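Enquirer:
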Amino acid sequence: MAKKMIVNCGTCDARNVMEETLQSYETVAVNAGTVLVTPESKVLLDRYGVALNCGSVVELPLDAKLSTVNGSAQIKATDSPAEKTYLMVNGSLEIGPGTREVLQQYVGITVNGRVLHPESLSGCLTQLKVNGSIEAYPDDAIVLKRNAVIDRVFALRAKSKLYWSARRLIMVDSALDAAKLAEKGARFSSKEAIVAESLVESLIDLIDESVEIIIVPDGTAVITDDLELDDLTVKKYGNKLYITGDVTVAPEAEAAIASLEYLNIHGDISVPAALKEALLERLTQHGGELKVIKGTLLRGKISARITKAMLEGAGDGICADSCVNVTVDADVPSELILEKLEISGCANVSCTPEQEGAVSMVSAGVANINSRKKEEDGSIGSMLRDIFGTAKELLDTKMVNTGEYVL
157 MAKKMIVNCG TCDARNVMEE TLQSYETVAV NAGTVLVTPE SKVLLDRYGV ALNCGSVVEL
217 PLDAKLSTVN GSAQIKATDS PAEKTYLMVN GSLEIGPGTR EVLQQYVGIT VNGRVLHPES
277 LSGCLTQLKV NGSIEAYPDD AIVLKRNAVI DRVFALRAKS KLYWSARRLI MVDSALDAAK
337 LAEKGARFSS KEAIVAESLV ESLIDLIDES VEIIIVPDGT AVITDDLELD DLTVKKYGNK
397 LYITGDVTVA PEAEAAIASL EYLNIHGDIS VPAALKEALL ERLTQHGGEL KVIKGTLLRG
457 KISARITKAM LEGAGDGICA DSCVNVTVDA DVPSELILEK LEISGCANVS CTPEQEGAVS
517 MVSAGVANIN SRKKEEDGSI GSMLRDIFGT AKELLDTKMV NTGEYVL
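Count along the sequence shown starting at 1, add 156, and that's the number in my numbering.
1. Could you tell me the alpha carbon to alpha carbon distance between Glu368 and Gly443, rounded to whole angstroms?
2. Can you give the Cα-Cα distance for Glu417 and Ile493, rounded to whole angstroms?
3. Strictly by DSSP, which residues pair up with Ser426?
4. Go to Ile462, then tell me how far its beta strand (DSSP E) extends in each direction, as first and last residue.
5. Just the Cα atoms here: how many angstroms apart are Tyr393 and Gly279?
6. Nearest-angstrom Cα distance between Thr311 and Ala322?
7. Note down the Cα distance separating Ser535 from Ile458, rounded to an integer number of angstroms.
8. Go ahead and label Ile449 buried or exposed: buried means 16 or more other beta carbons lie within 10 angstroms of its beta carbon, across all protein chains shown.
9. Take every Cβ of the region 191-201, pair it with every Cβ of the region 223-237, and state whether three or more of those distances are shorter than 8 Å.
10. Look at the alpha carbon of Ala430 and the alpha carbon of Glu495, and state the distance between them as a whole number of angstroms.
11. Identify the continuous beta strand (DSSP E) that holds Ala476 and give its terminal residues.
12. Look up Tyr319 in the DSSP assignment and say whether it is helix, strand or coil.
13. Look at the alpha carbon of Gly219 and the alpha carbon of Asp169, and state the distance between them as a whole number of angstroms.
14. Would DSSP call Asn393 helix, strand or coil?
15. Alpha carbon to alpha carbon, how far is Leu454 from Ile360? Give it in angstroms, no decimals.
16. Near Val213, which residues of its chain fall below 7 Å by C-beta distance, leaving aside the five closest residues on each side in sequence?
17. Tell me the DSSP bridge mates of Glu560?
18. Tell me which same chain residues have a C-beta within less than 6 Å of the C-beta of Leu570, skipping the five on either side of it?
19. According to DSSP, is Ser212 part of a helix, a strand, or is it coil?
20. Please list, in chain order, all residues of the same chain as Tyr242 whose beta carbon is under 6 Å from its beta carbon, the five residues on each side excluded.
21. Hey, quick one: how far does the alpha helix (DSSP H) through Gln179 stretch, first residue to last?
22. Could you tell me if Arg313 is buried or exposed, where buried requires 16 or more neighbouring beta carbons within 10 angstroms of its beta carbon?
23. Which residues in the same chain have their Cβ closer than 6 Å to the Cβ of Lys285, if we skip the five residues on either side of it in sequence?
24. Please classify Glu437: does DSSP put it in a helix, a strand, or coil?
25. Would you check if the distance between the CB atom of Ile462 and the CB atom of Thr440 is smaller than 9 Å?
26. Thinking C-beta only, is Ala188 closer than 9 Å to Val206?
27. Nearest-angstrom Cα distance between Ser527 and Met517?
28. Leaving aside the five residues before and after Tyr561 along the sequence, list all residues of the same chain whose C-beta is less than 6 Å from its C-beta, in chain order.
29. Under 8 Å by Cβ, that's how I've got Leu385 and Ala409 pegged, so tell me the actual separation to the nearest angstrom.
30. Under 7 Å Cβ to Cβ from Lys340, same chain only, skipping five residues before and after it: list those, please.
31. Among the residues of its own chain, which have a CB less than 8 Å from the CB of Lys336, if the five just before and after it don't count?
32. Taking the C-alpha atoms as reference points, what is the distance between Val199 and Lys554?
33. Taking the beta strand (DSSP E) that Lys221 falls in, what are its first and last residues?
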């Protein structure tokens with residue numbers, strides 16, 4: 157029988173845990189976002205030294221039902237749980253107006269993510285626990301997407317209501333009929349509104365005074381995702397760009413940069429050294445970090461291996477950017493690392509102790525540099541030790557990996 161038990165889950169229901177279960181193992185460890193207990197089961201877990209590595213421990217009656225939603229959930233005034241319910245949302249929860257009595261029928265609510273609720277409920281959400289962000293909207297508002305596009309079609313369907321977006325309104329469609337919106341009584345509120353220059357005067361009275369208005373040239377495309385700037389980008393969006401995400405400039409983007417008339421980037425920029433000056437000449441505004449990339453870019457890889465041949469063959473070097481794991485082969489000399497390697501924003505870098513100093517010198521924003529012995533680099537002996545060591549560990553351990561688990 158296994159000596160250890162390890163549970164990795166989002167929610168662990170330990171309300172009905174039995175003493176016989178805990179007696180069966182030398183150690184029990186629970187790694188979870190939330191652990192549900194009763195006063196009685198909590199005492200039992202403490203008595204047997206169960207290790208709880210979790211975001212929160214929630215005491216819940218045994219007769220309460222656990223309802224879990226992975227994704228988006230809504231609570232409306234017409235909703236009402238038929239029994240005692242604890243709601244767990246891993247994603248986003250939108251609470252509608254007029255739901256004060258409905259909310260009181262829940263034993264508790266935990267949201268790992270984002271919550272939207274009417275302003276009138278701000279002081280009434282005592283049973284709500286949020287691991288993330290919480291935002292309030294006006295009670296009489298229609299809630300739009302975080303990046304809400306107000307265009308010609310929107311104007312045709314508009315009502316005499318206040319429209320609210322948690323992040324921004326995008327009003328750059330040249331065919332947008334502001335007079336139609338005003339005639340229908342539509343009003344708008346958000347943190348910011350990106351408005352085409354020719355539409356500002358006709359829309360200004362429809363936008364709440366607290367909203368920051370950003371004026372862009374007519375014909376500007378607003379892009380709210382990360383982007384690679386190259387010839388295809390200009391063909392798709394045009395030569396006037398407002399980008400809220402991060403931008404990676406392709407090595408062959410010289411012609412694309414030269415064609416730009418307006419470029420406003422609010423995220424980080426990664427640009428090859430050869431194109432830096434050309435980009436800066438075209439950059440109208442920039443709100444993030446400018447990363448100058450020397451040589452070949454390895455970006456966003458789950459696993460990136462750096463070999464001696466790769467570095468020797470890369471005339472301007474190699475930059476590993478935003479990768480999860482970067483491994484430097486043991487035969488790569490420290491001098492070559494210092495000369496031709498850059499590592500930026502990666503989670504983990506593996507190298508030998510002899511390479512560690514050089515790797516540290518060429519790394520920025522790296523969470524962990526893990527040094528290893530040379531013989532660990534794939535040798536037969538090392539592989540056999542790892543295999544048999546892992547096999548023995550697995551035989552001694554009961555491992556549970558799941559979204560929800562009842563202990």
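Backbone N, C-alpha and C fix where the C-beta goes; we use that ideal spot for every residue, glycine too. Note that the coordinates shown come from a computational prediction; the quantities given were computed from them, not determined experimentally.
Expert: With the given structure in hand:
1. In a straight line, the C-alpha of Glu368 is about 16 Å away from that of Gly443.
2. Taking C-alpha positions only, Glu417 is separated from Ile493 by approximately 39 Å.
3. Thr404, Lys447, per the DSSP bridge assignment.
4. 459-462
5. 45 Å
6. The displayed chain sequence assigns Ala, not Thr, to residue 311. Near 20 Å, if we compare the C-alpha coordinates of Ala322 and Ala311.
7. Residue confidence is low: Ser535 scores 48 on pLDDT, short of 50, so the model does not pin down where it sits. Its coordinate-derived value is still stated next. Roughly 23 Å separates the two Cα atoms.
8. With 16 or more Cβ atoms within 10 Å of its Cβ, Ile449 is classed as buried.
9. no
10. When rounded, the distance between both Cα atoms is 18 Å.
11. 474-477
12. strand
13. In the sequence as presented, Gly is not what sits at residue 219; that position holds Asp. Taking the straight line from one Cα to the other gives about 12 Å.
14. A small correction: the amino acid at residue 393 is Tyr; Asn does not occupy that position in the sequence shown. Here Tyr393 sits in helix by DSSP.
15. 45 Å
16. Same-chain partners within the cutoff: Val191, Val193.
17. Thr167
18. Residue numbering for the chain in the displayed model covers 157 to 563; residue 570 lies beyond these limits and cannot be assessed.
19. strand
20. Leu216, Ala220, Leu222, Val263, Gly264
21. 175-179
22. exposed
23. Thr266
24. helix
25. no
26. No, they are not a contact pair.
27. 14 Å
28. Val163, Cys165, Cys168
29. 5 Å
30. Ala314, Lys315, Ser316
31. Ala311, Leu312, Ala314
32. 23 Å
33. Lys221 -> beta strand (DSSP E) spans 221-231.
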